[in-house]
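In this note's numbering, the protein residues as written are 314 to 786.
Ideal Cβ placement from N, Cα and C applies to all residues, glycine included.
None of the values given here were measured: they were computed from a predicted structure.
First up is the structure itself, then whatever we jot down about it.
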């Protein structure tokens, strides 16, 4: 497959179905397959685990098997991130094996307005989307917004929408750890002429570019992609678990802020905040939640076990949190930014020169340090997971399957994460069916204690590991 010709069809048999990907645990729920299919026979629906999956009519899966194999972001037949980026950014100034091709990288935040205080981090992702609209570089921004107060409360808490005003774009601030899908906005971009920006996590941005390779209309209309660094995607049961642990039912919840910002606390001291339909609120620090340790993998989509892109390498610009000191301790939030589009580089550079942004240029090593745990999971951990026997479709990634060089303890950590992510769905489903929240919370508490004991040497498990003599990682 040529990395310089973005429109060349891959060779070999790429025939594949959404059902095969779903049964193989490789469906992320992005909606690309539904966006490709006839909307009268396909839709995205929540499954029993609170994850979005494609649903087809009784008349069969209305897709072209060859085309589907080329547009699904986890398909072994679709282009990988290196190939897409090589075609999109052939003249990039820098290239790094972990963060891909790029023009420049920065750490900093937005100085103007309330973008920084309104966002979960430094405000740069939302500012960039708004600036593209303000400068008439796009006519609309496809991004994730919360359910509005006048919408039916049976609708999901979050969804993709195309915003065409500054006020609408600013409603997309904040992190959303909730399933969403792209098929509706893709359909709108096809129907309504204009230039669009799409904001998304790495696999969603990749899906957009794979769709563009098959669709000349989308290729013409999608002008920019804005990527968000990603650890993994959660199911809708994550916020339902929040509600259980705050003494509420999900039916009483009208909205959620996954990361309520408090400038007086370090940025990584996450607080979950629920808004209830009666007007009251509930809040709890993540470290007091049984599933609040992100690295343990509670409610993780199974496809995330087979992702090797942390920084959205195919996007024109990508944004993450600067998880290194002194930025971690700054509760106001700080972004790390990887820029690949020369036009966006100029846009951001001009704004920084005008004092609207506070930025410091950094190298790729700095970016990698800010996401060190994610890169271990997505490269070293992925290589280990790929070495396991599995049924169904085998993903093809940019790492070689191996467990060579891993300590027993490190292999146990990766195994525990996969096990917790799989069993959290099952245990929550069972507790939900039996109306026994304590069943899930008891299991989750025990699983968390085991994981943190193995990973961080905490509690009695950590003491046991010390006696065994397993060295620290």
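Closest residue to residue 575 among 366, 389, 558, 598 (Cα-Cα distance)
Looking at the Cα atoms, 598 is the closest of the given residues.
Just curious, the alpha helix (DSSP H) that residue 764 is in, first and last residue?
Run containing residue 764: 750-769, per the alpha helix (DSSP H) assignment.
Distance check for residue 593 and residue 678, CA to CA, integer angstroms please.
Residue 678 and residue 593 have their C-alpha atoms some 45 Å from each other.
Can you list, in chain order, the residues of its chain whose CB lies under 6 Å from that of residue 530, leaving out five sequence neighbours each side?
Around residue 530: 503.
Is the stretch 360-371 close to the stretch 508-526, with three or more CB pairs under 8 Å?
No, they do not touch.
For the beta strand (DSSP E) holding residue 566, just list the boundary residues, first then last.
Run containing residue 566: 566-570, per the beta strand (DSSP E) assignment.
Just tell me which of 709, 564, 410, 636 has its CA closest to the CA of residue 466.
Its Cα nearest to that of residue 466, the residue 564 stands out among 709, 564, 410, 636.
Assign residue 553 to buried or exposed, taking buried as 16 or more other Cβ atoms, counted over all protein chains shown, within 10 Å of its Cβ.
Counting Cβ neighbours within 10 Å, residue 553 comes out buried, since at least 16 surround it.
Please determine, among 621, 602, 436, 649, the residue with the shortest C-alpha to C-alpha distance to residue 762.
Of the candidates 621, 602, 436, 649, the one whose C-alpha sits nearest the C-alpha of residue 762 is 602.
Verify whether the separation of the beta carbon atoms of residue 683 and residue 633 is less than 8 Å.
In this structure, residue 633 lies closer than 8 Å to residue 683 by Cβ.
Let me know the secondary structure DSSP gives residue 490 once reduced to three states.
Residue 490 sits in coil when the DSSP states are folded into three classes, being neither helix nor strand.
Where does the unbroken alpha helix (DSSP H) through residue 512 begin, and where does it stop?
Membership of residue 512 in any alpha helix (DSSP H) is not indicated; the residue belongs instead to the beta strand (DSSP E) covering 509-513.
Taking the CB atoms as reference points, tell me whether residue 391 and residue 334 lie closer together than 8 Å.
For residue 391 and residue 334, no; Cβs fall outside 8 Å.
Residue 729: first and last residue of the uninterrupted alpha helix (DSSP H) it sits in
Annotation: the continuous alpha helix (DSSP H) that includes residue 729 extends over 721-747.
Rounded to a whole number of angstroms, what is the C-alpha to C-alpha distance between residue 636 and residue 350?
Residue 636 and residue 350: Cα-Cα distance of roughly 40 Å.
For residue 427, which of helix, strand or coil comes out of DSSP?
In the structure shown, residue 427 falls within a coil segment according to DSSP collapsed to helix, strand and coil.
By how many angstroms is the C-alpha of residue 629 removed from the C-alpha of residue 436?
Approximately 17 Å, taken between the alpha carbons.
Sequence ranges, beta strand (DSSP E) only - wholly within the stretch 569-653, length at least 3:
Fully contained in the stretch 569-653 are the following beta strand (DSSP E) runs of length 3 or more, in chain order: 584-589, 594-598, 630-634, 648-652.
Look up residue 671 in the DSSP assignment and give the residues it is bridged to.
DSSP lists 422 as partners of residue 671.
Do you know how far the Cα of residue 643 is from the Cα of residue 367?
In this structure, the CA atom of residue 367 is about 41 Å from the CA atom of residue 643.
Considering only residues of the same chain and omitting the five flanking positions on each side of residue 474, which have a CB-CB separation below 6 Å?
Contacts found: 458.
Kindly give me the distance between the Cβ atoms of residue 711 and residue 409, rounded to whole angstroms, as I take these residues to be in contact under 8 Å.
Not really, about 13 Å apart at Cβ, beyond 8 Å.
Could you check whether the Cβ of residue 418 sits closer than 7 Å to any heavy atom belonging to the ligand HEM?
This structure lacks the ligand HEM; in fact it carries no ligand of any kind.
Mapping the DSSP letters down to three states, classify residue 268 as helix, strand or coil.
For residue 268 there is no data in the structure shown, the boundaries of the chain being 314 and 786.
Note down the Cα distance separating residue 566 from residue 588, rounded to an integer number of angstroms.
Straight-line measurement puts the Cα of residue 588 at about 6 Å from the Cα of residue 566.
Per DSSP, residue 535 is paired with what?
Looking at the DSSP assignment, residue 535 forms a beta bridge with 509.
Delimiting residues of the alpha helix (DSSP H) encompassing residue 440:
Element bounds for residue 440: 437-447.
First through last residue of the beta strand (DSSP E) which encompasses residue 408:
Unbroken beta strand (DSSP E) run through residue 408: 407-409.
Coarse secondary structure for residue 390, derived from DSSP in three states
If DSSP states are grouped into helix, strand and coil, residue 390 belongs with coil.
How about residue 463: is its C-beta nearer than 8 Å to some C-beta of chain C?
The chain inventory of the structure shown lacks chain C, comprising one protein chain alone.
Mind checking which residues open and close the beta strand (DSSP E) that includes residue 457?
From DSSP, the beta strand (DSSP E) with residue 457 extends over 453-459.
Alpha-carbon to alpha-carbon, residue 753 and residue 600:
One C-alpha to the other measures close to 17 Å.
In the DSSP assignment, what residue or residues form a beta bridge with residue 541?
Residue 541 pairs with 632.
Should residue 781 be labelled buried (16 or more other beta-carbon atoms within 10 Å of its own) or exposed?
Of the other Cβ atoms in all chains shown, fewer than 16 fall within 10 Å of the Cβ of residue 781; this residue is therefore exposed.
Own chain partners of residue 649 with C-beta closer than 6 Å, once the 5 adjacent residues on each side are dropped
Taking C-beta separations shorter than 6 Å and ignoring five residues to either side along the sequence, the partners of residue 649 in its chain run 420, 633, 635, 680, 683, following chain order.
Nearest by alpha-carbon distance to residue 728: which of 336, 757, 690 is it?
Of the candidates 336, 757, 690, the residue whose Cα lies closest to the Cα of residue 728 is 690.
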